[in-house]
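With positions in the sequence shown counted from 1, the corresponding number in my numbering is that position plus 4.
Just so it is clear, CB atoms sit at the ideal spot from N, CA and C, and this is done for glycine as well.
Before any comments, here is the structure.
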Amino acid sequence: MNHPNNTYLTIVTWNSRSLYHKYHELDLFLRTNHVDVVLLTETKLTENRPFRISGYRTYTANHPSGNCRGGSAVLVRSSIDHDVLSPTCTEQIQLAKTQIRFNGTVLQIGSFYSAGEYSLTQEIINDALTSMGPKFILGGDFNSKHQRWGSSLINPRGTLLHNAITQRNLTVIHPLEPTHYPDNPHHMPDVLDFFIAKSIAGFQPYANVIHDLSSDHYPVMMQVSGNVALTPEAPTLIKHPFDWRKYKQVLERITNMQLPLRTPNDINKAATHLTQIIQFAATESSSSGRRSHPTNVPRLPDHILQLLQSKKSARALYERTRYRIHKTSYNRASRELKNALATLKKEQKHQELLSLNEQDGSLWRKTKILTKNQESISPLFSNNRWHSTPQEKADVFSEQLFDQFSPNPVTNMEFNQEVLESIQSPLNLSTFSEYFTPAQVKNSIRRSSTKKAPGNDLITQPLLVNLPRKTLVLLTSIYNAMLRITYFPTAWKRATVILIKKPNKPAKDPKSYRPISLLPLFGKIFERLLLPKLLGYLDRLIPDFQFGFRSGHSCPQQLHRVIDEILQAFENKEVCSGLFIDTELAFDRVWHEGLMYKLKDSLPDTYYRLLLSYLTDRSFVVRCCGALSEPRKIRASVPQGSVFGPVLYLIYVSDLPTHASNTLAMYADDIAIISRHRDGRTSSLCLQQHAASLEDWNDKWRLRVNPLKSVRTTFTYRRKYENDPVLLHGCRIPENEATKYLGVTLDKRMTFGPHITELIKRLRNRIRELKPLLSKQSPLNLATKRLLYLSLIRPIWQYASGLFGAASDSQIKRLQTQQNRVLRMITDAPWFVRNSVIHRDLEIDEVKTVVRATYERLYSSMAHHPNTIFAQFAERLPPPRPARRLKRKHYADNRPEQ
């Protein structure tokens with residue numbers, strides 16, 4: 005058995021003969037026997053039929069046909085430090101692999117399955133054994149018979165496997181009794197399930213057969229003595245119970261207010277001192293030691309234990325006699341146990357749901373578990389080899405991000421030289437007296453989020469909120485010294501980067517992961533204090549067509565501009581050409597010297613030199629599964645995860661070229677160009693001229709556009725029109741019938757059909773995820789279910805729904821059907837209750853009412869909007885429906901009556 009001190013590694017191999025319907029039985033077996041790793045064979049799983057057990061991580065090698073046949077899987081206890089390896093999936097063999105830290109080294113563990121219907125060769129067996137590395141345990145159903153591992157016969161497969169084992173001097177760990185009892189009474193029981201090991205010490209010479217689980221194979225267990233490394237906990241300074249009173253007392257005692265703050269080196273030392281004393285005080289005030297992992301399993305009810313014993317007895321009797329009547333008794337006992345376990349699990353889930361409460365956050369934690377698919381980083385394929393260990397993955401990502409955080413090559417040497425000379429030219433000095441007070445710093449700390457992950461110093465918002473007055477004054481003094489000396493500390497410029505997989509991207513490609521930068525909170529508090537002062541100088545530089553990262557601006561407002569242009573083209577019988585441009589790594593390729601060139605004439609010398617220090621000598625490390633890469637320099641980009649970053653990017657692209665005949669719409673780096681004209685070729689010409697000016701601008705400022713990911717869509721009702729292709733950097737922009745802009749799919753006739761189809765797909769997925777909480781079997785009360793719908797389901801289709809007013813009633817009805825479905829699920833209403841009654845009783849508006857109300861709010865924000873472009877919409881909206889040429893619906897018909 006596996007003990008709490010992790011001195012044994014317990015491994016089980018079992019041929020499940022279809023795993024999908026044996027969840028409860030396997031779950032009970034793993035917990036009662038304290039299994040660390042289970043090697044499953046003949047799982048018959050597919051990508052659409054995943055298998056998960058709470059407390060374990062599952063790694064599969066399914067049959068390449070995609071059908072429910074063959075397959076193997078490895079289940080590893082989540083608390084064990086391990087990495088997934090690339091599986092082998094061929095018709096002949098399916099080999100799932102993982103590796104764990106064991107006795108200070110890496111041990112690979114694999115689950116091997118090869119169906120007897122396929123013939124194996126010596127080469128296939130040798131390749132499988134070679135892929136396991138220098139130290140491994142390989143278990144499974146080999147369908148190979150040989151006297152070496154206790155079989156009564158020798159078959160050709162057994163001879164091939166025995167030859168490979170002998171040549172490689174491998175160890176076979178096998179049981180002393182049969183593991184397979186075939187259904188055919190004319191076939192003899194035999195040993196098919198065993199382990200093969202290499203360079204393993206501390207194991208027992210024989211494995212044990214566990215007379216449990218429902219299959220024609222028994223599970224086989226082996227144990228290896230040694231220490232199993234546990235998964236490192238997420239680093240944190242606050243470990244409960246935490247003594248906040250002691251924390252303040254320690255800081256008050258060790259804070260040194262006599263630190264010199266005259267030079268950049270002094271500021272670096274002061275920042276380091278502040279970090280160290282907070283870390284020390286937090287460590288002194290929190291509990292120490294790793295939280296213990298529970299190893300005791302709750303006692304099973306007596307009737308479950310009785311059914312379990314009855315099943316074991318019935319199976320033993322059938323295996324002795326092989327009588328059909330005894331097989332029937334065994335099957336009946338298995339069904340009774342399976343049903344009892346399912347009922348027990350259902351009751352446990354029922355009690356768990358009853359305990360959920362939105363007040364203490366348990367309800368939202370449960371919904372997060374149901375809706376968030378938290379995948380570990382799979383093995384990465386880069387430079388023609390696989391990378392499996394955390395350190396290898398971290399290094400691969402580090403190399404990729406180092407290239408990503410670098411400027412694009414210089415294409416205009418003359419302008420590049422001009423920028424460098426301008427930056428190096430002297431500044432006009434001015435007096436500075438806008439310093440911070442402790443009250444301002446304290447208020448900024450309180451307004452910061454409590455849920456943000458910390459940087460490499462592990463200091464979180466609660467630790468800063470509880471700073472004593474003395475330490476808060478020291479922090480304020482450091483901030484003011486930074487303003488006086490115009491220097492940003494080096495320690496606050498190092499980012500810790502974690503990677504999150506992008507949806508629907510190949511897991512093995514390093515480029516399929518999105519980097520998330522975690523910065524020290526001290527630096528972000530300073531940025532939040534300084535940002536309002538910077539905006540006083542920079543806000544006027546941001547053009548009106550830019551709606552991203554600006555107060556009072558939103559995605560629906562920018563979408564309103566674009567859709568309004570398209571609908572006006574429909575009304576005027578025009579051809580409306582839309583060009584939607586994709587900029588490659590827009591935020592990550594920002595040229596620092598070019599950005600400072602644009603800032604120099606707009607900022608006082610103090611702020612300019614401070615921003616120059618802020619962007620200089622930034623670095624990052626990649627954290628992957630507890631491993632850290634070497635620090636790398638950031639040579640370009642606006643700092644991700646920072647407060648200044650979005651504003652600096654807006655300044656960098658503020659002088660993007662415009663065209664007199666086109667409408668330019670930007671939301672951060674999402675660029676849309678709309679060109680309207682009676683003649684389609686003239687519209688295309690205007691787009692081409694604008695695209696050419698963008699090429700020159702990108703070459704000048706060292707950004708790069710991806711023509712193949714950019715999209716050109718022509719919006720028109722006209723059946724006959726001529727179009728010319730639009731080229732960008734010599735490549736033709738792909739032309740699509742529809743395109744996605746700011747989360748809304750715009751089709752060529754603005755029916756919103758493709759967009760609503762996508763919404764329905766997302767709604768169905770979310771309903772499926774939340775079904776355990778919303779269905780009639782859920783014990784949650786009606787008010788809680790209603791809250792879940794309004795919080796987690798309706799926002800999916802409510803985003804920009806005010807613009808759906810241009811969609812037909814039939815399209816709106818499709819969304820209404822999905823809402824009816826959910827509300828009927830929530831209320832368990834019988835068929836004869838009208839949907840209108842359900843909406844009335846739940847006080848939930850119909851979709852068309854929500855659409856109208858959403859547009860009314862959008863319309864009410866137009867008249868007094870600070871952006872003059874958007875404020876003009878109130879005057880440009882079309883007349884009432886009877887006065888228009890087209891009889892189609894328009895979202896402006898939902899505007900409030902004047």
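Judged by DSSP secondary structure, Pro-519 falls within the beta strand (DSSP E) whose first and last residues are 517–522.
As DSSP reads the structure, Arg-81 sits in a beta bridge with Tyr-60.
Check the Cα spacing between Ser-805 and each of Ile-489, Val-855 and Leu-522: the tightest is with Val-855.
If you compare the alpha carbons of Leu-348, Asp-548 and Asn-66 with that of Arg-53, the shortest gap goes to Asn-66. About 20 Å separates the beta carbon of Leu-476 from that of Lys-456, a gap too long to meet the 8 Å contact definition. Contact between Leu-111 and Ile-141 holds, with the beta-carbon distance rounding to 7 Å and staying under 8 Å.
Met-225 sits close to Val-16, with the two beta carbons spaced by under 8 Å. Considering only Thr-11, Gly-74 and Asn-37, the residue with the shortest C-alpha distance to Tyr-24 is Gly-74.
Annotation: Asp-674 to Asn-666 spans about 16 Å, alpha carbon to alpha carbon.
The beta carbon of Val-195 sits closer than 7 Å to the beta carbons of Trp-153, Gly-154, Ser-155, His-178, Pro-179, Pro-182 and Thr-183 from its chain, once the five residues preceding and following it are set aside; these are given in chain order. The secondary-structure analysis by DSSP pairs Met-417 with nothing; it has no beta-bridge partner. Shortest Cα-Cα distance from Thr-47 to any of Asp-364, Leu-79 and Ser-289 involves Leu-79. Per DSSP, the unbroken beta strand (DSSP E) holding Val-224 starts and ends at 224–229.
Of the candidates Thr-102, Ile-449 and Cys-93, the residue whose Cα lies closest to the Cα of Tyr-63 is Thr-102.
CA-CA distance, Gln-262 to Gln-253, rounds to 19 Å.
For Arg-554, the closest alpha carbon among the candidates Ile-504, Tyr-483, Pro-472 and Phe-648 is that of Phe-648. Of the candidates Thr-755, Val-841, Gln-823 and Leu-774, the residue whose Cα lies closest to the Cα of Asp-813 is Thr-755. Leaving aside the five residues that flank Lys-250 on each side, the residues in its chain whose CB is nearer than 6 Å to its CB run, in chain order, Ser-289.
Of all C-beta pairs linking the stretch 814–822 to the stretch 873–882, fewer than three are shorter than 8 Å, placing the two stretches out of contact. The alpha-carbon of His-28 is positioned some 10 Å away from that of Ala-344. Each residue's CA atom was taken as its position, placing Gly-144 and His-150 some 15 Å apart. Assignment of alpha helix (DSSP H) within the stretch 375–435, counting only whole runs of 4 or more residues, yields 394–408 and 417–428 in chain order. Residue pairing for Tyr-210: DSSP places it in a beta bridge opposite His-178. At the C-beta level, Gln-96 and Leu-133 stay beyond 8 Å of one another.
Take the alpha-carbon of Asp-306 and the one of Ala-337: they are about 16 Å apart. Membership of Ala-100 in the beta strand (DSSP E) is indicated by the continuous run 98–106.
In this structure, Leu-523 sits away from Gly-582, with a CB-CB distance that is not shorter than 8 Å.
Note on the stretch 580–615: whole alpha helix (DSSP H) runs with a minimum of 4 residues are 596–603, in chain order. Among the bridge pairs identified by DSSP, His-86 is matched with Ile-104. Between Asn-508 and Ala-443, the alpha-carbon positions lie close to 47 Å from each other. C-alpha of Asp-407 to C-alpha of Arg-639: approximately 9 Å in a straight line. By the Cβ rule, the stretch 413–424 does not count as touching the stretch 488–497, because fewer than three pairs are nearer than 8 Å. Annotated three-state conformation of Tyr-863 is helix, per DSSP. For Asn-19, the enclosing beta strand (DSSP E) starts and ends at 12–19.
Counting along the chain, Ile-504 sits inside the beta strand (DSSP E) bounded by residues 498–505. Contiguous alpha helix (DSSP H) elements confined to the stretch 711–751 do not occur, taking only those with 4 or more residues.
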